[in-house]
DNA sequence: GTCGTTGCTGGTAGCGCTGTCAACGATCCT
DNA sequence: AGGATCGTTGACAGCGCTACCAGCAACGAC
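Residue numbers (the working numbering), protein chains in the order written: chain A, 0 to 364; chain B, 0 to 364.
Structure follows, in structure tokens:
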């Protein structure tokens, strides 16, 4: 065919328009807003585009329209299983849209986040997904000034920049502790790693629950800034045990730590749950098949990602959600690692007096 | 200041050039190839850019230069831990370059891969990272016709499209089996999930090793197309055991399966390694802290990603590597789950006759 | 019959940057 | 001294697309 082309052999919009017998601008409209065309031209352009194998040039589109079709995503870690689930949700939900995902890793640094945010915003993204609610003042200002929709994910809190999807880590931790209370546990240890804001809020939830029960003891808490791992779980548990041999259970800020604790118990011949109960957080897949199976707090990570992307895309296209804050909740999945032998039969007094060494203000139940 | 700007208030290259007292093209060169400028102009442009807070418009650059600074990455899964490590390597290595990563998930479908490849190539990426060596004929043709560097990752094989970084899954599996042989095991089961090409080649390695030893038996192999999980490991092992109660060890095509097998052994009170030895694949973090610790084949996933990105960027910038194929190797990490009590003391005959039911050609050791 | 109004279409004029090529002076070599 | 070479700089002309606005026909209201 004698149709003229760029030297690179690429098919341009002009070629499609020519073949369809319309003006380039009409062809352009076909790709952006087909409803605006008459049915006749629509089908003509469509078949011309298919025949030529036309693929729009996104750079030209971005330049001419002064906006991109890129959704920026800022997450703190690529290693953490939690974020791979979230990411999968984001990618799945954006897959059949016109938007592409631009991912960046803040490595749990809010300064790095600020830097990346500046970079992203300069390219005028169509939308932004950021992790958490703890941005720097500067970041916060940039986000508020941004002229694109923004979703904060992973947790919910007051004053959303725009939209927000997550759950309360505080409440989730509290619920986990309530479950341990219900199972008769009193001397509950806490182990946490990395101590990013969300882990910190889980700790806060634990502290609140323990204080409410008059069982708070600072010495039950072992944390580190080190990134989490199964091995670390074992090590932290060893530390906790060395300091407080009298604990009857451990709440782990995530499942890797919980698995590490389970292995450490096995190593020391500590019976789970008879001597020590274990509760994790996130409910990763392996929690259901370990021996004993491990209790955990299920979080809706995939949904968090997919809902965030879906909501963002809707907002980009002008259909803002009724309610900008979406609480995806959590569920305490009770498994063997925290089930005492005695069947739960309503509230009852523990069979042994908790060895409370509590020097803080509490409201006894 | 009375400097003219776009309505959006954005600073353009022209403004920077004006302030620096040079032509726009000189300013442009400053950002792409500073060495080409005289020191005087270089510093003038630099300070002008800083003063105005200039950020280049990538869309305009892409349109004018007919190429992008995007590295396309095609991976088969976002869930698999293996790929999150590879991805981390890729992102880390590209972080301080001018290139940005565009990620897409093929979901282990080579047809989906082909579709995505077409999409990517249409945008003229600066480079491409694709997973594996099993592309469709069409994909292969597109890759070969692409005018950008390409790295195939995760495994090595004959006929690289361009560059290649990985290791031999076949050899790695073979080495794992050799280790089990050395520990006195003979009746070695294989369990595998998903059965993507790389898992298939691990199976091939297992088969070759078993045949070489005259120990091959089809009934020792249990596989499924289902995606891998810890739970699945337990289930597959249960199947294997039901069919072949006489096995003395299991080689798992990945670590999740191995962990599942370990838990299933615990559930059934099977002593590991005394009754059943377990070997996994990839050496994920938890393998070193389970009880017993789990033997695995360590693969250099992070390095695979970072080396691929680094090599690709070098190639984009014209510095092609001497050797286009890089074998990152593997290491069998011998841990408790496969160590027999008797210390390894050179080659020795097994203490019991292997129940070989072998109908294939073999070369006995 | 005139004047909107609506629905569709096209022309013009860039978006901000870089490829290409030419020009220039300075330096080097024969 | 003349020419060649190098390093540095700038003018010009788009890259492929879309915003903006104008035009046109068809229709209905008054």
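From the three backbone atoms N, C-alpha and C, an ideal C-beta is built for every residue, glycine too. These numbers come from a predicted model, not from an experiment.
Taken in chain order, the complete beta strand (DSSP E) segments of 3 or more residues contained in the stretch 161–192 of chain B are 162–165 and 187–191. Taking the beta carbon of residue 274 of chain A as reference, no residue of chain B falls within 7 Å; the closest one sits roughly 16 Å away. Scanning chain B for C-beta atoms nearer than 9 Å to the C-beta of residue 104 of chain A yields 87, 90, 91 and 94, reported in chain order. Sixteen is the threshold: since fewer than 16 other Cβ atoms of the shown chains lie within 10 Å of the Cβ of residue 136 of chain B, the residue is exposed. With respect to chain B, the C-beta atom of residue 101 of chain A has a partner C-beta closer than 8 Å. Cβ neighbours of residue 101 of chain B within its own chain (closer than 6 Å, five residues either side excluded): 69 and 71. When 9 Å is used as the limit between beta carbons, residue 122 of chain B is near these residues of chain A: 54, 56, 57 and 58, in chain order.
Distance from residue 225 of chain A to residue 192 of chain A at the Cβ level is roughly 6 Å; contact confirmed, criterion being Cβ atoms closer than 8 Å. From the beta-carbon of residue 295 of chain A, no residue of chain B is found nearer than 9 Å; the closest lies around 13 Å away. The alpha-carbon of residue 304 of chain B is positioned some 18 Å away from that of residue 284 of chain B.
From the beta-carbon of residue 61 of chain B, the residues of chain A found nearer than 7 Å are 58. The beta-carbon distance between residue 276 of chain B and residue 184 of chain B, rounded to whole angstroms, is 6 Å. This is short enough to meet the 8 Å contact definition. Put simply, the CB of residue 142 of chain A is far from chain B, with every gap to its CB atoms at 8 Å or more. Around the beta carbon of residue 282 of chain B, 16 or more other beta carbons lie within 10 angstroms, which makes this residue buried. Residue-level contact check: residue 172 of chain A does not touch chain B, since none of the beta carbons of chain B fall below 8 Å from its beta carbon.
According to the DSSP assignment, residue 104 of chain B belongs to the beta strand (DSSP E) that extends over 99–104. The beta carbons of residue 337 of chain A and residue 294 of chain A sit about 4 Å from each other, so the pair counts as a contact at 8 Å. Judged by DSSP in its simplified three-state form, residue 247 of chain B adopts coil rather than helix or strand. Residue 19 of chain A sits close to residue 26 of chain A, with the two beta carbons spaced by under 8 Å. For residue 127 of chain A, the three-state secondary structure derived from DSSP is strand. For the C-beta of residue 78 of chain A, the chain B residues within less than 8 Å are, from N- to C-terminus, 83, 84 and 87.
Put simply, the CB of residue 305 of chain B is far from chain A, with every gap to its CB atoms at 8 Å or more. At a cut-off of 3 residues, the continuous stretches assigned as beta strand (DSSP E) that sit fully inside the stretch 272–305 of chain A are 276–278 and 295–298. The CB of residue 287 of chain B comes closer than 7 Å to the CB of 230 in chain A, given here in chain order.
Interface with chain B (8 Å Cβ-Cβ cutoff): residue 67 of chain A is included. For residue 40 of chain B, the number of other beta carbons within 10 angstroms of its own is at least 16, and it is reported as buried. With respect to residue 233 of chain B, residue 262 of chain B sits close: the two C-beta atoms are nearer than 8 Å. Under the DSSP assignment, residue 10 of chain A falls outside any beta strand (DSSP E); it carries neither an H nor an E label. For residue 24 of chain B, the enclosing alpha helix (DSSP H) covers residues 23–31. Residue 141 of chain A is not a Cβ neighbour of residue 106 of chain A, given a cutoff of 8 Å.
Of all residues in the stretch 237–267 of chain A, the ones placed with a Cβ closer than 7 Å to any Cβ belonging to chain B are 258, 259, 262, 265 and 266, in chain order. Using a 10 angstroms sphere on the CB of residue 160 of chain A, the tally of other CB atoms reaches 16 or more, which defines it as buried. Per DSSP, reduced to three states, the secondary structure at residue 110 of chain B is helical. For the stretch 197–230 of chain A, the beta-carbon criterion of a distance under 9 Å to any beta-carbon of chain B is satisfied by 228, 229 and 230.
Closer than 8 Å to the CB of residue 71 of chain A there is not a single CB belonging to chain B.
For residue 223 of chain A, the closest of A:198, A:240 and A:114 by C-alpha to C-alpha distance is A:198.
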